[in-house]
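In our numbering, the protein residues as written are 79 to 485.
Inspection log for the structure reproduced underneath, given as structure tokens.
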Ligand SMILES: C[S@@+](CC[C@H](N)C(=O)[O-])C[C@H]1O[C@@H](n2cnc3c(N)ncnc32)[C@H](O)[C@@H]1O
């Protein structure tokens, strides 16, 4: 008889109380890995937790706890077609997209513990914390690596000198100390068949193009062919959200001949703001007189100076500006007009819809509105990532020989 995850959660005290609860990451990764060959990576850590924290003495301790019935909103696929890892996971926009495509997530990392709570509530797995502290050798083999990493500048002084000396793998020197370095070292060690990286649109122009140059050259140096494009989430949800998507394929496998194309976008956005609004909204989301007055004055001042857009009052039959992680501050970039009242900000549920999350995505009651705004503002337009993921998996699955590690 399968054991329900909700029961296990209580018995095994899976309760995220503070950041970096690595033992819970080991435990939940172990449970997810049972039966697919990846639990061996997590068994020692999970056993240590069971023996020392839970005082479990049965041999083996997990006897009677497997198999598991995943009674969570987004359970892993029953017959997975490929394995992937979810880096800088946030609340799991990529995880949902790639699970929808039949992928099994075998490793995840996200260090913000409020985001970890939302992630666990939806996927039944606690992410590992700081990626910079994780040994790449301890990550299971996978077909696809995915992640939206924070953008940081690189110091490229001395790069040309190193190249002149004929040194390979200069990325170790060039990107050290940045989070992109952590992606590069994992790709270097695990050699996934493909990867999908996502970032803000101006990664391409950041630091006069140097940042993107280092990133793309590093990825090529690692033996991958890269494809990149700026795509707008507005074709999947009523939000203008342009992101650079970088997709890479392992040259050892595809020899640089993969037939990859980005998904085609329709002519017009299929949804408008009205489609995502809640019918009944608490008054706490209405701007106070003070804030509304301040935003109007601020906008006038900047308009007079010829710069800035000020606040963004949406049109019901239009799309919104980009939802940012700072939306919790004043909500000024996306305001909903109200009759006879000051405008209001979006509710967290409306933010979820604006990023294309389905209705059964759980926004846990123990995560505050402020944290929820930050989480959705940092996230991705999920169905766009699913469509890009579909184009990647089509390349991988076209020829079965490419997908040797199917579970
Ligand atoms: C742009 S967000 C990605 C959000 C994600 N794609 C989603 O769908 O929710 C980047 C994430 O990286 C996390 N992060 C930043 N530095 C990290 C580190 N050293 N280790 C693990 N996670 C980190 C942040 O907390 C943030 O949630």
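We treat Cβ as the ideally placed atom computed from N, Cα and C, and that holds for glycine.
Heavy atom of ligand 1 within 7 Å of residue 432 beta-carbon: Mapped onto the chain shown, residue 432 falls at position 354. Short note on residue 432: C-beta not closer than 7 Å to any heavy atom of ligand 1.
Buried versus exposed, by CB contacts within 10 Å (16 or more), residue 482: Locating residue 482 in the chain shown gives position 404, where the first residue counts as 1. Below a pLDDT of 50, predicted positions are generally treated as unreliable, and residue 482, at 47, falls in that range; the measurement from the model is reported next regardless. Exposed, by the Cβ-count rule.
Supposed contact pair residue 206 and residue 170 - C-beta distance, whole angstroms, cut 8 Å: Counting from 1 along the chain shown, the entry for residue 170 is found at position 92. Counting from 1 along the chain shown, the entry for residue 206 is found at position 128. Distance from residue 170 to residue 206 at the Cβ level is roughly 14 Å; contact not present, criterion being Cβ atoms closer than 8 Å.
Same chain, Cβ closer than 6 Å to residue 235, five either side skipped, listed in chain order: Mapped onto the chain shown, residue 235 falls at position 157. Because residue 235 sits at a pLDDT of 44, beneath the cut-off of 50, its placement in the model cannot be relied upon, and the following sentence gives the value as read from the coordinates. Around residue 235: no qualifying Cβ.
Residue 147 versus residue 83 - alpha carbon distance: Position 69 of the chain shown holds residue 147. Position 5 of the chain shown holds residue 83. Residue 147 and residue 83 have their C-alpha atoms some 6 Å from each other.
Chain-order list of residues whose beta-carbon lies under 6 Å from that of residue 352 (same chain, five-residue window excluded): For the purposes of this step, residue 352 is taken as residue 274 along the chain shown, with counting starting at 1. Here the set comprises 394.
Beta-bridge pairing of residue 327 - partner residues as DSSP gives them: Numbered from 1 along the chain shown, position 249 holds the residue referred to as residue 327. DSSP, once it has assigned bridges, lists 272 and 303 as partnering residue 327.
Close-in-space but distant-in-sequence residues of the same chain around residue 134 (CB under 6 Å, 5 per side omitted): Residue mapping note: residue 134 aligns to position 56 of the chain shown, counting from 1. Excluding sequence neighbours, residue 134 sits near 128.
Where residue 113 falls: helix, strand or coil (DSSP): Here the question's residue 113 lines up with position 35 in the chain shown. Residue 113 falls in the coil class under three-state DSSP.
Residue 161 vs residue 220 beta-carbon contact at 8 Å: The residue given as residue 161 occupies position 83 in the chain shown. The residue given as residue 220 occupies position 142 in the chain shown. Yes; because the gap between Cβ atoms is below 8 Å, this pair is in contact.
At least three beta-carbon pairs within less than 8 Å, the segment 302-311 to the segment 332-340: With the cut-off at 8 Å, the segment 302-311 and the segment 332-340 touch.
Where the beta strand (DSSP E) containing residue 171 begins and where it ends: Your numbering for residue 171 matches position 93 in the chain shown. Here residue 171 belongs to no beta strand (DSSP E); instead the alpha helix (DSSP H) covers 171-178.
Residue 188 Cβ short of 7 Å to ligand 1 heavy atom set: Locating residue 188 in the chain shown gives position 110, counting from the first residue. The answer is yes for residue 188.
Distance cut-off 7 Å: residue 172 Cβ against heavy atoms of ligand 1: The residue you call residue 172 lines up with position 94 of the chain shown. Flag set: Cβ of residue 172 near ligand 1.
Limits of the unbroken alpha helix (DSSP H) element including residue 426: Walking along the chain shown from the start, residue 426 turns up at place 348. Following the DSSP letters along the chain, one finds residue 426 inside the alpha helix (DSSP H) bounded by residues 426-432.
Of the residues 300, 323 and 150, the one placed nearest residue 310, counting alpha carbons only: Residue numbering aside, residue 310 sits at position 232 when the chain shown is read from its first letter. Considering only 300, 323 and 150, the residue with the shortest C-alpha distance to residue 310 is 323.
Under 8 Å between C-beta atoms of residue 507 and residue 412: Because residue 507 is not part of the residues shown, which for the chain are 79 to 485, the question remains open.
beta-carbon residue 166 near ligand 1 non-hydrogen atom, thresh 7 Å: Counting from 1 along the chain shown, the entry for residue 166 is found at position 88. At least one heavy atom of ligand 1 is nearer than 7 Å to the Cβ of residue 166, so yes.
Top-ranked residue by Cα proximity to residue 296, from 252, 466 and 94: For the purposes of this step, residue 296 is taken as residue 218 along the chain shown, with counting starting at 1. That would be 252, whose Cα lies nearest to the Cα of residue 296.
Boundaries of the beta strand (DSSP E) in which residue 186 is found, first to last residue: For the purposes of this step, residue 186 is identified with residue 108 of the chain shown, where counting begins at 1. Start and end: 181-186.
Cβ-Cβ distance between residue 421 and residue 441 below 8 Å: By one-based count along the chain shown, residue 421 stands at place 343. By one-based count along the chain shown, residue 441 stands at place 363. For the pair residue 421 and residue 441, the CB atoms are not nearer than the 8 Å cut-off.
Within-8 Å CB hit, residue 290 to chain C: No chain C is present in this structure, which holds just one protein chain.
For residue 258 and residue 112, the rounded distance between their alpha carbons: Here residue 112 is taken as the residue at index 34 of the chain shown, counted from 1. Here residue 258 is taken as the residue at index 180 of the chain shown, counted from 1. Roughly 30 Å separates the two Cα atoms.
Alpha-carbon to alpha-carbon, residue 388 and residue 321: The residue given as residue 321 occupies position 243 in the chain shown. The residue given as residue 388 occupies position 310 in the chain shown. Near 22 Å, if we compare the C-alpha coordinates of residue 388 and residue 321.
Rounded separation between residue 246 and residue 293 - CA only: The residue you call residue 246 lines up with position 168 of the chain shown. The residue you call residue 293 lines up with position 215 of the chain shown. At residue 246 the pLDDT is 46, less than 50, meaning the model places this residue with poor confidence; the figure from the coordinates comes in the next sentence. Going by C-alpha positions, residue 246 is about 15 Å away from residue 293.
Backbone CA spacing between residue 151 and residue 85 [nearest angstrom]: Here residue 151 refers to the residue found at position 73 of the chain shown. Here residue 85 refers to the residue found at position 7 of the chain shown. If you take the alpha carbons of residue 151 and residue 85, they lie about 15 Å apart.
Inter-residue CB distance, residue 132 and residue 90 (contact presumed, cutoff 8 Å): On the chain shown, residue 132 is found 54 positions in, with the first residue counted as 1. On the chain shown, residue 90 is found 12 positions in, with the first residue counted as 1. Contact flag correct, Cβ pair sits at about 7 Å.
Residue 208 Cβ short of 7 Å to ligand 1 heavy atom set: Within the chain shown, numbered from 1, the residue matching residue 208 stands at position 130. It does: the Cβ of residue 208 is within 7 Å (strictly closer) of some heavy atom of ligand 1.
Exposed unless 16 or more other CB atoms sit within 10 angstroms - verdict on residue 263: Here the question's residue 263 lines up with position 185 in the chain shown. Buried, since its Cβ has 16 or more Cβ neighbours within 10 Å.
Distance, residue 181 Cα to residue 101 Cα: What you label residue 101 is simply residue 23 of the chain shown in a count that begins at 1. What you label residue 181 is simply residue 103 of the chain shown in a count that begins at 1. C-alpha separation (whole angstroms): 25 Å.
DSSP state of residue 156 mapped onto helix, strand, coil: Along the chain shown, read from residue 1 onward, the residue named residue 156 stands at position 78. Three-state result, residue 156: coil.
For residue 164, the residue or residues it bridges with in DSSP: Locating residue 164 in the chain shown gives position 86, counting from the first residue. In the DSSP output, where bridge partners are listed per residue, residue 164 has 186 and 224.
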